[in-house]
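First up is the structure itself, then whatever we jot down about it.
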Amino acid sequence: MKRKKTGIFGGTFNPIHYGHLIPLMFAAEARKYERVVFVPNSISPFKVGVDVPSTEHRMNMTKLAVKDFPLFSVSDYEVSRGGVSYTIDTVKYFREEYGNIELILGQDTFAGFHSFKDPEGILNTCDVVVLKRSFIDTEYSEYHSTGKVIQINTPFIEISSTFIRERIQNHLPVSFLIPPAVEEYIKTNNLYL
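Residues 587 to 779 (this note's numbering) make up the sequence shown, in order.
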């Protein structure tokens, strides 16, 4: 019997959008995950000093976005720890929690994997699943030869949180970019204005 796998997907989720959700649905099917855990970070080491809404708002938006997807859940692990969130600490925690885990990264994020804290330690803890986008070349990454990096093709959804925030600031519609509950939450809490 195969051990059940859990996918771990971290991010700032500022805000979460369909560009996160749709590829993750495909990844869950392709990798036959028992669950996918979204892990909003407290402070990304790559975004120190960047102004973001409170962790409470980002957690709430992420929970609203995944509430209708039975395989998806949200963890407050990084948020409750506070401070800078390092992937190595997160994967070690979830390995203890669930056993068989895979870290899910977008191909754009994987392109910078060499700058993560302890990338070899991450690969010793779990496999890394890369959501492949055809226009970014990571084929020659030094980490592909480890056998711990799995690339899967997912639909490319050209949406960024920055684009959504800019549209909100300019009072333009975002209903086609984010789940309705997230849009309502943003309006109710006057976020990104």
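Ideal Cβ positions, reconstructed from N, Cα and C, are used throughout, including at glycine.
Quick check: what's the CA-CA separation for residue i versus residue j?
{"i": "Y726", "j": "E706", "result": "Confidence at Y726 is low in this model, with a pLDDT of 46, below 50, so its placement is unreliable and the value that follows should be read with caution. One C-alpha to the other measures close to 17 Å."}
{"i": "M611", "j": "E620", "result": "12 Å"}
{"i": "A697", "j": "Y729", "result": "10 Å"}
{"i": "L691", "j": "E664", "result": "17 Å"}
{"i": "F599", "j": "N627", "result": "8 Å"}
{"i": "P759", "j": "E770", "result": "12 Å"}
{"i": "R550", "j": "V625", "result": "The structure shown does not extend to residue 550, since the chain is modelled only from 587 through 779, so no value can be given for it."}
{"i": "V652", "j": "S746", "result": "18 Å"}
{"i": "L689", "j": "Q755", "result": "33 Å"}
{"i": "R681", "j": "T711", "result": "7 Å"}
{"i": "R667", "j": "T676", "result": "10 Å"}
{"i": "K631", "j": "D694", "result": "Just to set this straight, residue 631 is Pro in the shown sequence, not Lys. Looking at the two C-alpha atoms, the distance is approximately 16 Å."}
{"i": "D704", "j": "T732", "result": "15 Å"}
Quick one: grab the DSSP three-state call for residue i.
{"i": "D535", "result": "This structure leaves residue 535 out entirely; the chain is present only between 587 and 779."}
{"i": "T598", "result": "coil"}
{"i": "K718", "result": "strand"}
{"i": "K678", "result": "helix"}
{"i": "L610", "result": "helix"}
{"i": "L709", "result": "helix"}
{"i": "G605", "result": "helix"}
{"i": "Y726", "result": "Because Y726 sits at a pLDDT of 46, beneath the cut-off of 50, its placement in the model cannot be relied upon, and the point is left open."}
Compare the beta carbon distance of residue i and residue j with 8 Å and say whether it is the shorter of the two.
{"i": "K591", "j": "N686", "result": "yes"}
{"i": "V715", "j": "I743", "result": "no"}
{"i": "R617", "j": "G593", "result": "yes"}
{"i": "V768", "j": "L650", "result": "yes"}
{"i": "L777", "j": "Y604", "result": "no"}
Item checked: Start-end ranges of the alpha helix (DSSP H) lying completely within the region 739-777, minimum 4 residues -> 747-755 and 766-774
Check: In chain order, which continuous runs of the alpha helix (DSSP H) of length 4 or greater are located wholly inside the region 616-673?
Finding: 641-652 and 663-667
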